[in-house]
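Engineer: Pasting a structure below so you can have a look.
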Amino acid sequence: MPLPQGSVITENDIVLLIGKDRRTFIRTVSAGQRFECHLGFVEYDTLIGTRYGEQVSTNIGHKLFVLAPNMDDIILHLQREGQIIYPKDLGYIALKLGIRPGVQVIEAGTGSGALTVMLALLVGDEGHVYSYERRRKMQERAITNVRRMGLLDRVTFHQRDIARGFDERDVHALFLDVRTPWDYLPAAREALRGGGFLGAIVPTMNQVLQLIEPLYNGPWFLLEIEELMLRQYKTIPARVRPDDQMVGHTGFLIFARAVEREEATGWEPLDVVKYNRREDDAAQDTGGEP
Ligand SMILES: C[S@@+](CC[C@H](N)C(=O)[O-])C[C@H]1O[C@@H](n2cnc3c(N)ncnc32)[C@H](O)[C@@H]1O
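Residue numbers for the sequence shown follow numbering that gives the first Met the number 0, so the first one is 0 and each next one is one higher.
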């Protein structure tokens, strides 16, 4: 994988170049070629062998820092068309779906591949991502993005409508980023193993309401509806305060666990605090009495 591993820049590393004006560029270090931007150019050969964090000068004397990019930088620099899942949601989705090295996970639709890249990084060489997309153009873009990250071996791309179901069975997790996720719940349940993790993201509360009904009445348990809000701050030491602008809304996140049952249990959903209550918290509530 070309994400930098060491402290010294080597050929084919993916690097982040950034100047005084904070414009950032993600590039692959290619011997014999040059990086060009509004501040001039730098021969990649002069980068090879220097240490990350050092400054380099362009041909017209502008300074640039060369850094190893993190996932946040990479996702925001992907070639994209249409909406991608933002980094603030991506990290939490991965956490909630229990994504770790070795797991098999399905996602639909692939879109520009932001989630695909994130999942492929996390599942490692032993895990695998199965990604479904009905539009060829979108899929091609995602493949380009995943290839640039050197993660192609970890992803199987299916070009088709998920109305035709999923090929895989017994998967650990499945994520739906499509307009009508409720239409695909039976297929999702068939693909997931018992206890498997389902997740979905939708932009409107109307969609949440349509999705929650079949989840509540079907072979699903531990339903959660969540939304993450991220507020960024100005970092000038004398005037630390919230940024004037923020991304007000990305999407609502819905999670559930796949279970075996013919009919709804009739168990009323608990509020979020009670869901997350640990065994010893419950014991405290009763003064330690069973
Ligand atoms: C919002 S984009 C997905 C973005 C992606 N998760 C990302 O982070 O880059 C939704 C994608 O789902 C695809 N899609 C919608 N319904 C689909 C279906 N029934 N089967 C397969 N793909 C579908 C669309 O073509 C679109 O590319």
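Using N, Cα and C, we set each Cβ at its ideal position, and we do this for glycine too.
#1: Which residue or residues does DSSP assign as beta-bridge partners of V177?
#2: Which residues in the same chain as P202 place their Cβ atom closer than 6 Å to its Cβ, once the five residues preceding and following it in sequence are excluded?
#3: From E125 to G101, what distance separates their C-alpha atoms?
#4: Tell me whether G110, by its Cβ, gets closer than 7 Å to a heavy atom of ligand 1.
#5: So, for G123: in the same chain, excluding its five sequence neighbours on each side, which residues have a beta-carbon less than 6 Å away from its beta-carbon?
#6: Under the criterion of a Cβ to heavy atom distance below 7 Å, does G134 qualify as lining ligand 1?
#7: Let me know the alpha helix (DSSP H) ranges lying completely inside the stretch 164-222, each 4 residues or longer, listed in chain order.
#8: Per DSSP, A255 is paired with what?
#9: Regarding D160 and ligand 1, is the C-beta to nearest heavy atom distance less than 7 Å?
#10: Rounded to the nearest angstrom, what separates G287 and E225 at their Cα positions?
#11: Around the C-beta of P289, are 16 or more other C-beta atoms found within 10 angstroms, so that it is buried, or is it exposed?
#12: Please confirm whether any heavy atom of ligand 1 lies closer than 7 Å to the CB of I84.
#13: Do H171 and G193 count as a contact pair if the criterion is CB distance below 8 Å?
#14: Among the candidates T49, R147, T155, T57, whose CA atom is the shortest distance from the CA of R33?
#15: Let me know the alpha helix (DSSP H) ranges lying completely inside the stretch 123-149, each 4 residues or longer, listed in chain order.
#16: Identify which residue in G149, D160, R147 has its Cα closest to the Cα of S130.
#17: Roughly how many angstroms lie between the CA atoms of T174 and F254, to the nearest whole one?
#18: Kindly confirm or deny that the stretch 82-89 and the stretch 39-46 touch, where touching means at least three C-beta pairs closer than 8 Å.
#19: Give the single residue among G18, I142, P241, A113 whose Cα lies nearest to the Cα of T155.
Structural biologist: Inspection of the coordinates gives the following:
#1: Paired residue(s): none; V177 is not in a bridge.
#2: G250
#3: 5 Å
#4: yes
#5: P100
#6: Before going further, note that residue 134 is Arg rather than Gly in the sequence given. Yes.
#7: 184-190, 204-216
#8: L197
#9: yes
#10: Low local confidence applies: a pLDDT of 48 at G287 is under 50, so the model's placement there is unreliable, and no value is given.
#11: Caution is warranted here: a pLDDT of 41 is assigned to P289, below 50, making its placement in the model unreliable, and no coordinate value can be reported.
#12: yes
#13: no
#14: T57
#15: 135-147
#16: D160
#17: Reading off the sequence, residue 174 comes out as Phe, not Thr. Distance between the alpha carbons of F174 and F254: 9 Å.
#18: no
#19: I142
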